[in-house]
DNA sequence: CGAATAAAAGATAATAATATCTTTTTATAT
DNA sequence: ATATAAAAAGATATTATTATCTTTTATTCG
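Next comes the structure, spelled out in structure tokens:
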């Protein structure tokens, strides 16, 4: 339902948001170590996030990634769109096959509810909310953090 | 969260359960066509289901798969165990890394609730329940079914 | 202007899930 | 005993996801 890529992106954006509040840019190496994700793959993911307007970036000395006022207000749902695209919104156990509430698969009722609940949570959570939770130590971005 | 393999297995077991009520065995070719799943791969999945005691099987002329009184009473959760194993029970966006309610990842609350709700539904649904729903045309096992 | 930093991009590889193909084994019917 | 049917099992292939490596481009600083 949710890819590992999305999980990496969620942690990455949250980490960058936390550090942006200190006026700092986060470079890829620091980010990779901070959220315990392979750096080369993370670089790819960050490109998609920048391309989709979720984060800002700059090359060169003192370069890196950061969030601005605008992106802090974005719902976490934008991260899902940047990594997994729209297909997950209607994903189901039937995969690509037609499955809906009038032609449901064996687990449709529960699965669709589950999926929609999760996606609603992402729509209702701003990136700034996630950063606040990290600062309040309510959520963690890596194991030994 | 839930694999395509599990989705195939759920439909397969349900299909076999429906046809067992007619006192029939279902062979692999019929089953593959009935639920629209690639036959060779399905054969593999069925072996695990038989090995785990979810279904019965017999080789040779008139052979195939069937459910008995015992297996009809099994919760659908047994299908999940046969296909995806135990790791999914505690799966999270952090993957294999330690994540729990005292050291939660960014989406842990929603994700764990979602996962547990889905798994509870599987625990509380018997294979016979699924077969009944197919017969009542409340759920479908393939698109043009 | 050039060196160093650091993201961006392209190419390639590894792994896991899904899928296919071939052979073996088992069971029944004649 | 043999042929046929059909599951079981092993081997292999494809696809998608995750991951790594190399090169290019952009930016800053001295």
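Chains as they are written, first to last, in the numbering used here: chain A, 56 to 200; chain B, 56 to 200.
Backbone N, C-alpha and C define an ideal beta-carbon position, used for all residues, glycine too.
{"Item": "Contacts of residue 122/B in chain A (Cβ-Cβ under 9 Å)", "Value": "By Cβ distance, chain A contributes nothing, its closest Cβ being about 15 Å from residue 122/B, past 9 Å."}
{"Item": "Outcome for residue 96/A when other beta-carbon atoms lying within 10 angstroms are tallied against a minimum of 16", "Value": "exposed"}
{"Item": "For residue 81/B and residue 155/B, the rounded distance between their alpha carbons", "Value": "43 Å"}
{"Item": "Exposed unless 16 or more other CB atoms sit within 10 angstroms - verdict on residue 117/A", "Value": "exposed"}
{"Item": "Counted within 10 angstroms of its Cβ, other Cβ atoms place residue 145/B as buried (16 or more) or exposed", "Value": "exposed"}
{"Item": "Within 8 Å, strictly: CB atoms of residue 129/B and residue 182/B", "Value": "yes"}
{"Item": "Rounded C-alpha distance that separates residue 163/B from residue 188/A", "Value": "12 Å"}
{"Item": "Below-8 Å beta-carbon distance, residue 104/A vs any chain B residue", "Value": "no"}
{"Item": "Beta carbon proximity, residue 89/A to chain B, threshold 8 Å", "Value": "no"}
{"Item": "Where residue 149/A falls, given that 16 or more other Cβ within 10 Å makes a residue buried", "Value": "buried"}
{"Item": "Beta-carbon proximity list for residue 84/B, same chain, < 8 Å, skipping 5 on both sides", "Value": "94"}
{"Item": "Exposed unless 16 or more other CB atoms sit within 10 angstroms - verdict on residue 115/B", "Value": "exposed"}
{"Item": "Beta-carbon proximity of residue 71/A to residue 57/A, cut-off 8 Å", "Value": "no"}
{"Item": "Segment limits, beta strand (DSSP E) that includes residue 56/B", "Value": "Unbroken run through residue 56/B: none, as it is neither H nor E."}
{"Item": "Residue range of the alpha helix (DSSP H) that includes residue 174/B", "Value": "163 to 178"}
{"Item": "Where residue 179/B meets chain A, residues with beta-carbon distance less than 8 Å", "Value": "Under the 8 Å cutoff, chain A gives no residues; its nearest Cβ is about 10 Å from residue 179/B."}
{"Item": "Contacts of residue 56/B in chain A (Cβ-Cβ under 8 Å)", "Value": "56, 57"}
{"Item": "Cross-chain neighbours of residue 159/B in chain A, by beta carbon under 7 Å", "Value": "194, 195"}
{"Item": "Through-space distance from residue 157/B to residue 195/A, alpha-carbon basis", "Value": "10 Å"}
{"Item": "Contact residues within the region 124 to 146 of chain A, judged by C-beta distance below 9 Å to chain B", "Value": "131"}
{"Item": "Partner residues on chain A for residue 198/B, Cβ-Cβ distance less than 7 Å", "Value": "152, 153"}
{"Item": "Residue nearest to residue 127/B in terms of C-alpha spacing, selected from 138/B, 108/B, 119/B, 101/B", "Value": "108/B"}
{"Item": "For residue 95/B, three-class secondary structure by DSSP", "Value": "helix"}
{"Item": "Terminal residues of the beta strand (DSSP E) in which residue 112/A lies", "Value": "111 to 113"}
{"Item": "Minimum Cβ-Cβ distance from residue 60/B to chain A less than 8 Å", "Value": "no"}
{"Item": "Residues that residue 97/A contacts on chain B, provided the C-beta gap is smaller than 8 Å", "Value": "By Cβ distance, chain B contributes nothing, its closest Cβ being about 14 Å from residue 97/A, past 8 Å."}
{"Item": "Residue 132/A: first and last residue of the uninterrupted alpha helix (DSSP H) it sits in", "Value": "132 to 139"}
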